[in-house]
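A.B. asks: UniProt numbering puts the first residue of the sequence shown at 1, with every later residue one more than the last. Quick reminder that beta carbons are idealized off the backbone N, C-alpha and C, glycines included. Can you keep this structure in mind? I'll have questions shortly.
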Amino acid sequence: MVTQDPELVSAIAAGAFLAGTTRAENPSDMKSILVSRLVQYDEYLGRDPGAYSGTLEDIQLETGQQALTVVDRVQSLLNEHTDRSSSPSSSTTPSEDAYVIGTRDMTHIRTLLSIAFKWGIEPLLARVSAAIPTSSPADHGSKSSIIDLTSLPKDYELLSTMVDQITRVLLPSGIAGPISPTHISLAILDKHLADVLRPCLVLGWLPKSLASEVVRPLDSVRPILIRLISVLPVQQSVSALTTVLPLVSKLPYARKACTFLLSRQLLRRDGVRGTIAALFYDIEELSDQAPLERFEQTARLLQAVPAGMQPPDYFGNIIPQLISILTDPEVPPVQLRATAFTLSRMLVSEDNHAAHSVVAKIMLPIFHRPFLSSTPTSGSVQDISSPSSTLTTLKALLVNTDPSPALISKLLTPIIPALFSLSSQLENLKVADPSLKTSLQGLLGTWGRVVGAQEGVASLWLVVEGEGGDWQVDVAGQIRQASEQEKQTPLSLFTPEDLQRAEEAGEFDLDANLLKLRPDPSQFVRYLKSLDRPDITSELFVMLLEGYRDLKADSESDPMRTLLYLQIVVQVQTQLSGDGSSTNVLKKPDHILSFIKHALDAAALETRPAAPPSASQRRSGLGLEDLRIIDDEDVVEGDGEVDSDDEDSPETVNPLKPDEDMTATAVNLLLSILEANPDLSSNNTPILDEIFEDVVALALRGSETVKPLAREARMVITARFASTSMPSSTKLNKTSDEASAQETYQKALKLLQDPLLPVRAHGLLLLRQLVSPRTTSQSNSLQGPVLDKALVPGILSIFLQSLQDDDSYIFLNAVQGLAAMVDGYGKDTLKGLLNMYSQGLDGLAGSSMTQQDVDTRTRIGEALGQVIRRCGETLPKYADVLVPPLFSVIRTSHLPTPLRVSALSLLAQCVNTNPVALLSYSEDLLEALIDLLRVETVPMTQQKRSKRPQKDEEDSKESETKDQEALNPSDPTMDNQPTATNSKFPPLRRAALHFISLLTRAFTDQILESSSILTYSVQDVTMKRARNTIGYVAVVDEDSVVRVMAGEALEGLDRLSAALMGL
């Protein structure tokens, strides 16, 4: 049995008295207990007991001093044994068991260590620290204790001795030797390392400017402390320094020294990892929650650049360590959060702007370089420079920090084109790693939701421009940029085999990117939709429209780029303009309206009539066209050969053609915006007034493609203006009928703005009901409409615009509406319609009418025809209003022939309705029409007359007319030249003969029924001229229909003559 070394046993037994582990009588108070222990300790050592008569603090200090002496003695014995064991010259080596310290003895030593620090070093350090001046005078005033300067020299000397003892226990061989490998050293380092470092910092780094004759710097402990924390693990050193830092904060030099030492620890291998682990050692391993102050303390510590070190050198060491922590899967969650928090504060904190540029130059290239430069094909997944690991690191950084828009912008904005290109590539790969897809989509989505509008638009426009590179992903998930040799042009991938393969696989759809456009339009717009950022989407949409317009105008532009812009625009309209879409681009109409105005301004400018050139041509007399003796058709049909230069001739190119698509797109956008924004009006959007002027110009003089759209837009805007400019009147003064009419009016205006044609027609029907006469419940008599008369001009404008609609359903509803307005508002409205029909036709205005003008006036004429039919027996009282304007139109020879025919038809309708209305005008009308027939009749040529069969004249005439039309389809007629002023067109003579026939038949019937010969008489001279003229027309006119109608009119004249003579 091996016994323990006697000296070691004696030292431990002596310490047992100080630790209070021996049995003895326990006095009643603490001081007596400690004195008793000291006396027993002295007696055991064989020396005279001391006179322990001081205060309790003095007794505790003596106990702590003796406890440290015991520990020092035990450590010395253990070190001596270790030295003898390791010395090769030693002949006798004691047994190892003789110097083994048991568990109970180790417990006594730990107690002695606690006593030494608690009752010895700590109170001494407090007294010495209080005597050291600081830069904060307020700290002195806050002390409640009184410093005994008489004992300060003794306290300083005693503290210096104890610090020297404790450092000697740890480093018995000095700074050149290792830490003593005993259990006592481990106990000190494990429990009391901060207690050792604190006095070393206070005394070792004491500046000479703050030193005094009593308290002097203890320079010997400075290298010992540095040696100690440099050989210990980083986590242990940082944990101790972090514990000391707040305890020495009242001494600026000590605090600065502690911070410096902490910073130096960061520069050690895995120094940052150990520092963070030390700062969060008390947090559960699986928890990611910690006080914010702890995270901020970590960030401040890691951002503090050590004195004498340049920021680029410091951050160049720290930042890679922090990033490596993010990629370690074994790091606890709370440490990941601390790391990410520190990196974010380094990059975007507002505290230190000078360091931001340094940090950005070091940190951002680490994240950006893998996506902005080509990656080697042999890159490892674990390499931070590989795109795969960089994506993982970025995700870890953003997931574990607060969502700071500034941080996300700095990290992701420069690489958004590359990330989107990579994401698009992965989306087309069925074997791609789902987690990689999710990470990319998460990064793109996070960036898009927090980035500023202008920055987002600029970055996404780079995506549209095809930035981002080509990427390849292998089966192992490795990502790399494609080399120039591996890149393929889009068209080289579009082959019939690809098309057949897509159809067989069921992958062919309308949104398939068969031409391999970059970016894929459907994917790009789906991404925009997922962002839910109407501000970015609307601005980007306008840029796409403008880019598409510019590319179309440039004859040398890339057709694939033009197609890409068009496809994206179509996808935006398809996916982002629905009513239920929160990203509806039409909900942010300001930028789009500006584009619409710009596009329509250019289109409206092109439609302005070129009046000066026309006038100069008219003044120049005969021109080259008048010398043409061969028709163009003959030239084309002659030899079928056309000079190749003719395809570039100005006559074959429509200057508006290149812009028609853009103009139509602009008008469609305008309609969509008006539909999506019911509250949009000129009151809150003044630009709408300017757009309306362009729309009106296009509705009147635009191309055939644009006109229908412009008319619809004009109708919608007119209805919108009417609904928002309705006069406000107090509801207290309204009757129930007025309130109901106002409600119906608003409903009608809303329906008129609907894109569906039947719905708009119903809106016209409601307006027609509002302006129609009404029957009251009290009586069966008709009364005027209850609608406010201030709304009548707006309704009239709506009906007039609807007259120009190409759809017969809308057109007929408008005609009926105008007729109803005359019924409801009487003669004033009738005069207004007649003015629109017949005025403004003098001089150049009448001879230069467009087909649109002619159509509008003839359709107003149809409304007048309905009004005339509805007048019935009351028509005579409107004769003075109706007949003179219509008669004026008939007599004006420079007007388009269809308009004159329309006026004759209206007069004929008057005869059919009530011939009494024309009694006072019958003589003048007959004379005028006889003169018209005499002047405008076109006789048949001799050749045509000889070809006429004799046995059946009427059938021959009809067949001859058909043959002539078949042989000469290009001959000018009123149908193919609706704006021509050629009064030789047969319909004009037909209409005149029709009117004469109706008038003579009506007068004959009236004479036979009422025997009012004098009332319906016609002068003999007029009758004679009529017979001669109409008889001549019936024989010689080249139009068979005119000849037949002339024969019928001649018969009517004969019957009228017989009636006048009473036969």
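Helix, strand or coil for Q753 per DSSP?
C.D. replies: Your numbering for residue 753 matches position 753 in the sequence shown. Of the three classes helix, strand and coil, the one that applies to Q753 here is coil, per DSSP.
A.B. asks: Please check the pair S276 and T339, which I expect to be a contact at CB under 8 Å, by giving their CB distance rounded to whole angstroms.
C.D. replies: Taking the first residue of the sequence shown as position 1, residue 276 is located at position 276. Taking the first residue of the sequence shown as position 1, residue 339 is located at position 339. Residue identity differs from the one stated: residue 276 is Ile in this sequence, not Ser. That belief holds up - the Cβ atoms of I276 and T339 are roughly 6 Å apart, short of 8 Å.
A.B. asks: Within the continuous alpha helix (DSSP H) that includes residue 1064, where are the two ends?
C.D. replies: The question about residue 1064 has no answer here: the residues shown for the chain are numbered 1 through 1063.
A.B. asks: DSSP three-state label for I415, please.
C.D. replies: Locating residue 415 in the sequence shown gives position 415, counting from the first residue. In the structure shown, I415 sits in a helix (DSSP, three-state: H, G or I).
A.B. asks: Give the single residue among A11, E7, Q60 whose Cα lies nearest to the Cα of W31.
C.D. replies: Translated into positions along the sequence shown, residue 31 becomes position 31. According to the sequence displayed, residue 31 carries Lys and not Trp. It is Q60.
A.B. asks: Do I592 and S538 count as a contact pair if the criterion is CB distance below 9 Å?
C.D. replies: On the sequence shown, residue 538 is found 538 positions in, with the first residue counted as 1. On the sequence shown, residue 592 is found 592 positions in, with the first residue counted as 1. Contact annotation: S538 and I592 have beta-carbon atoms nearer than 9 Å.
A.B. asks: For the beta strand (DSSP E) that contains Q472, what are its first and last residues?
C.D. replies: Sequence index remark: in the sequence shown, residue 472 carries index 472 (1-based). Per DSSP, Q472 belongs to the beta strand (DSSP E) from 471-473.
A.B. asks: Which of the three DSSP states is assigned to I283 in this structure?
C.D. replies: Working through the sequence shown from its first residue, we reach residue 283 at position 283. Coil at I283, not helix or strand.
A.B. asks: Tell me which residues share the same chain as R891 and place their Cβ nearer than 8 Å to its Cβ, disregarding the 5 neighbours each side in the sequence.
C.D. replies: Taking the first residue of the sequence shown as position 1, residue 891 is located at position 891. Taken in chain order, the residues that qualify are A928.
A.B. asks: What is the rounded straight-line gap between the Cα of D601 and the Cα of S439?
C.D. replies: Here residue 601 corresponds to residue number 601 of the sequence shown, with the count starting at 1. Here residue 439 corresponds to residue number 439 of the sequence shown, with the count starting at 1. Spanning the two alpha carbons is a distance of roughly 46 Å.
A.B. asks: For L8, count neighbouring C-beta atoms within 10 Å of its own C-beta (all shown protein chains included) and say buried if the count is 16 or more, exposed if not.
C.D. replies: Here the question's residue 8 lines up with position 8 in the sequence shown. Taking a 10 Å sphere around the C-beta of L8, we find 16 or more other C-beta atoms and assign the residue as buried.
A.B. asks: Thinking A355 and Q303 are a contact (beta carbons under 8 Å), I'd like their distance in whole angstroms, please.
C.D. replies: The count along the sequence shown starts at 1 and reaches residue 355 at position 355. The count along the sequence shown starts at 1 and reaches residue 303 at position 303. Right, the Cβ-Cβ distance comes to about 7 Å (below 8 Å), so this counts as a contact.
A.B. asks: Does V358 pass the burial test, meaning 16 or more other C-beta atoms within 10 Å, or should it be called exposed?
C.D. replies: In the sequence shown, counting from the first residue as 1, residue 358 sits at position 358. So V358 counts as buried.
A.B. asks: Going straight from the alpha carbon of Q297 to that of V569, what length do you get?
C.D. replies: Here residue 297 refers to the residue found at position 297 of the sequence shown. Here residue 569 refers to the residue found at position 569 of the sequence shown. Each residue's alpha carbon lies about 51 Å from the other.
A.B. asks: What is the DSSP secondary structure of P332, reduced to helix, strand or coil?
C.D. replies: Here residue 332 is taken as the residue at index 332 of the sequence shown, counted from 1. Coil.
A.B. asks: Give me the Cβ distance between D853 and Q804, rounded to the nearest whole Å; I'm assuming they're in contact under 8 Å.
C.D. replies: Taking the sequence shown and counting its residues from 1, one reaches residue 853 at position 853. Taking the sequence shown and counting its residues from 1, one reaches residue 804 at position 804. With 8 Å as the limit, D853 and Q804 do not qualify as a contact, their Cβ atoms being about 10 Å apart.
A.B. asks: Beta strand (DSSP E) containing Q481: first to last residue?
C.D. replies: Locating residue 481 in the sequence shown gives position 481, where the first residue counts as 1. Element bounds for Q481: 479-481.
A.B. asks: Please list, in chain order, all residues of the same chain as A1049 whose beta carbon is under 6 Å from its beta carbon, the five residues on each side excluded.
C.D. replies: Reading the sequence shown from its first residue, position 1049 is the one you call residue 1049. If we look at A1049 and ignore the five residues flanking it on each side, its Cβ neighbours are L993, I996, S997, I1030.
A.B. asks: Mind checking whether Q321 and R369 have CB atoms under 9 Å apart?
C.D. replies: Mapped onto the sequence shown, residue 321 falls at position 321. Mapped onto the sequence shown, residue 369 falls at position 369. Not in contact: Q321 and R369 (Cβ atoms no closer than 9 Å).
A.B. asks: With 16 other CB atoms within 10 Å as the buried threshold, where does N813 fall?
C.D. replies: Taking the first residue of the sequence shown as 1, we reach residue 813 at position 813. Looking at its Cβ environment, which holds 16 or more other Cβ atoms inside 10 Å, N813 is buried.
A.B. asks: Going by beta carbon distance, what residues of the same chain come within less than 8 Å of D155, once the five residues before and after it are set aside?
C.D. replies: For the purposes of this step, residue 155 is taken as the residue at position 155 of the sequence shown. These residues qualify, in order along the chain: L124, R127, V128.
A.B. asks: Which of the three DSSP states is assigned to R216 in this structure?
C.D. replies: Here residue 216 is taken as the residue at index 216 of the sequence shown, counted from 1. Reduced to three states, the DSSP call for R216 is coil.
A.B. asks: With 16 other CB atoms within 10 Å as the buried threshold, where does R104 fall?
C.D. replies: By 1-based counting over the sequence shown, the position of residue 104 is 104. R104 comes out exposed.
A.B. asks: May I ask you to report which of helix, strand or coil DSSP gives P172?
C.D. replies: Sequence index remark: in the sequence shown, residue 172 carries index 172 (1-based). DSSP places P172 in coil when its eight states are reduced to three.
A.B. asks: Alpha carbon to alpha carbon, how far is L372 from K437?
C.D. replies: Taking the sequence shown and counting its residues from 1, the one referred to as residue 372 is at position 372. Taking the sequence shown and counting its residues from 1, the one referred to as residue 437 is at position 437. Near 19 Å, if we compare the C-alpha coordinates of K437 and L372.
A.B. asks: Excluding the 5 residues preceding and the 5 following L391 in the sequence, name in chain order all residues of the same chain whose CB lies nearer than 6 Å to its CB.
C.D. replies: Here residue 391 refers to the residue found at position 391 when the sequence shown is read from its first residue. Closer than 6 Å at Cβ, skipping near neighbours: S439.
A.B. asks: Three or more beta-carbon pairs under 8 Å between the segment 814-824 and the segment 862-869, yes or no?
C.D. replies: yes
A.B. asks: Among residues of its own chain, excluding the 5 on either side of L411, which ones have a beta-carbon nearer than 7 Å to its beta-carbon?
C.D. replies: On the sequence shown, residue 411 is found 411 positions in, with the first residue counted as 1. Counting only Cβ-Cβ distances below 7 Å, and skipping sequence neighbours, we find F367, L394.
A.B. asks: Quick one: measure Cβ to Cβ for V169 and S160, integer angstroms, because I've assumed they're closer than 8 Å.
C.D. replies: Your numbering for residue 169 matches position 169 in the sequence shown. Your numbering for residue 160 matches position 160 in the sequence shown. The Cβ separation is near 15 Å, so there is no contact.
A.B. asks: Less than 8 Å between the CB atoms is what I'm expecting for S838 and S888, so what's the real figure, rounded?
C.D. replies: As a position in the sequence shown, residue 838 is number 838, starting the count at 1. As a position in the sequence shown, residue 888 is number 888, starting the count at 1. Taking C-beta atoms under 8 Å as the contact rule, S838 and S888 qualify, at a distance of about 6 Å.
A.B. asks: Anyone know if the C-beta pair for L841 and L895 falls short of 9 Å?
C.D. replies: The sequence position of residue 841 within the sequence shown is 841, counting from 1. The sequence position of residue 895 within the sequence shown is 895, counting from 1. Cβ distance < 9 Å, so L841 and L895 count as in contact.
A.B. asks: Alpha carbon to alpha carbon, how far is T1022 from L1053? Give it in angstroms, no decimals.
C.D. replies: Translated into positions along the sequence shown, residue 1053 becomes position 1053. Translated into positions along the sequence shown, residue 1022 becomes position 1022. Looking at the two C-alpha atoms, the distance is approximately 11 Å.
A.B. asks: Could I get the ranges of all uninterrupted beta strand (DSSP E) runs contained in the segment 9-88, with 3 residues as the minimum, in chain order?
C.D. replies: Counting whole runs of 3 or more residues, the segment 9-88 contains no beta strand (DSSP E) stretch at all.
A.B. asks: Taking buried to mean at least 16 other C-beta atoms within 10 Å of its own C-beta, is residue 1084 buried or exposed?
C.D. replies: Look at the range of the chain in this structure, 1 to 1063, and you will see that residue 1084 is not part of it.
A.B. asks: Going by the DSSP bridge assignment, what does P785 pair with across the sheet?
C.D. replies: The residue you call residue 785 lines up with position 785 of the sequence shown. Answer by DSSP bridge pairing: none, since P785 is not bridged.
A.B. asks: Using the Cα positions of E213 and P252, report the straight-line distance between them to the nearest angstrom.
C.D. replies: Here residue 213 refers to the residue found at position 213 of the sequence shown. Here residue 252 refers to the residue found at position 252 of the sequence shown. Taking the Cα positions, E213 is about 21 Å away from P252.
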